[in-house]
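Below you'll find the structure, written out as structure tokens, and then a few comments.
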Ligand SMILES: CC(C)(COP(=O)(O)OP(=O)(O)OC[C@H]1O[C@@H](n2cnc3c(N)ncnc32)[C@H](O)[C@@H]1OP(=O)(O)O)[C@@H](O)C(=O)NCCC(=O)NCCS
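Numbering (my numbering), first residue to last: 211 to 391.
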């Protein structure tokens with residue numbers, strides 16, 4: 211089923227996480243320089259395949275945030291620490307029939323190693339799967355086999371390792387199937 215068949219308007223940003231250290235929110239145009247910097251980070255570039263970093267492309271990408279959310283193409287959530295973009299948790303590849311999606315994440319170099327990616331991914335996953343949230347039935351995370359920090363984030367966020375992707379042995383698949391604690 212096409213991503214656009216996910217019910218329009220169903221996706222809403224969870225207001226906050228259960229953590230005093232960060233807030234989850236939508237992208238704003240004022241974040242554009244931080245987005246360009248993140249896309250240009252070697253680790254983000256290596257593992258997440260972002261667009262070539264430019265102000266123009268980043269402005270357009272942020273301008274498309276509402277449309278992507280409303281049409282169920284993607285829900286990209288900023289991990290905000292004291293007003294700064296510490297990272298992102300993104301939902302995409304929605305399969306409406308199965309109420310399933312895929313999650314991706316990155317953190318800015320200055321924000322790494324503090325548990326932010328794990329905690330924010332856990333918060334988004336819990337919201338996605340909760341009956342009072344998005345009522346999803348399954349959330350997947352796919353990581354390159356060599357990207358051990360990404361594996362750790364998935365595990366700490368409550369995902370279970372399923373194993374290598376049938377279509378790509380270099381990709382490891384993790385899943386959350388029910389509401390997580
Ligand atoms: C992977 C990434 C999101 C981790 O972000 P983070 O905010 O540092 O993650 P956390 O602080 O929540 O740490 C989660 C776990 O990863 C481990 N970790 C983080 N960086 C690591 C590193 N460079 N090497 C080894 N382990 C690392 C932490 O020790 C922790 O594991 P633990 O529970 O065993 O202590 C971040 O390094 C990043 O943005 N990488 C580039 C983009 C990317 O790879 N995205 C995932 C694509 S699938």
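Note that beta-carbon positions come from the ideal geometry of N, C-alpha and C, so glycine has one too.
Ligand 1 heavy atom lying under 8 Å from the CB of residue 344: To locate residue 344, count along the chain shown from 1; it is residue 134. It does not: the Cβ of residue 344 is nowhere closer than 8 Å to a heavy atom of ligand 1.
Beta bridge counterpart(s) of residue 381 as assigned by DSSP: Taking the chain shown and counting its residues from 1, one reaches residue 381 at position 171. Per DSSP, 354.
Residues of its chain near residue 269, where Cβ-Cβ distance is below 8 Å and the 5 sequence neighbours each way are ignored: Here residue 269 refers to the residue found at position 59 of the chain shown. Within the same chain, residue 269 has close Cβ partners 239 and 242.
Near ligand 1: residue 320 beta-carbon under 8 Å from a heavy atom: Taking the chain shown and counting its residues from 1, one reaches residue 320 at position 110. Every heavy atom of ligand 1 is 8 Å or more from the Cβ of residue 320, so no.
Three-state secondary structure assigned by DSSP to residue 286: On the chain shown, residue 286 is found 76 positions in, with the first residue counted as 1. Correct three-state label for residue 286: strand.
Where residue 369 sits in the DSSP three-state scheme: In the chain shown, the residue the question calls residue 369 occupies position 159. Assigned with DSSP and collapsed to three states, residue 369 falls in coil, not helix or strand.
Which of helix, strand or coil DSSP assigns to residue 279: Here residue 279 corresponds to residue number 69 of the chain shown, with the count starting at 1. In the three-state scheme derived from DSSP, where H, G and I count as helix and E and B as strand, residue 279 is classed as helix.
The beta strand (DSSP E) enclosing residue 304, as first and last residue numbers: As a first step, residue 304 is located in the chain shown; it is residue number 94 there, counting from the start. 294-305 is the span of the beta strand (DSSP E), which, as asked, contains residue 304.
At least three beta-carbon pairs within less than 8 Å, the segment 254-266 to the segment 302-312: no
Assigned exposure category for residue 397 - 16 Cβ within 10 Å defines buried: Residue 397 cannot be examined here, being either before or after the span of the chain that is shown, 211 to 391.
Cβ-heavy atom distance, residue 337 to ligand 1, below 8 Å: Residue numbering aside, residue 337 sits at position 127 when the chain shown is read from its first letter. Flag unset: Cβ of residue 337 not near ligand 1.
Secondary structure of residue 311, DSSP reduced to three states: Here residue 311 refers to the residue found at position 101 of the chain shown. Residue state, collapsed to three classes: strand.
Candidates 364, 272 and 383, of which the one nearest residue 373 by Cα: In the chain shown, residue 373 corresponds to position 163, counting from 1. Among 364, 272 and 383, the Cα nearest to that of residue 373 is on 383.
Beta-carbon proximity of residue 287 to residue 248, cut-off 9 Å: Position 77 of the chain shown, counting from 1, holds the residue named residue 287. Position 38 of the chain shown, counting from 1, holds the residue named residue 248. In terms of Cβ geometry, residue 287 and residue 248 do not form a close pair [threshold 9 Å].
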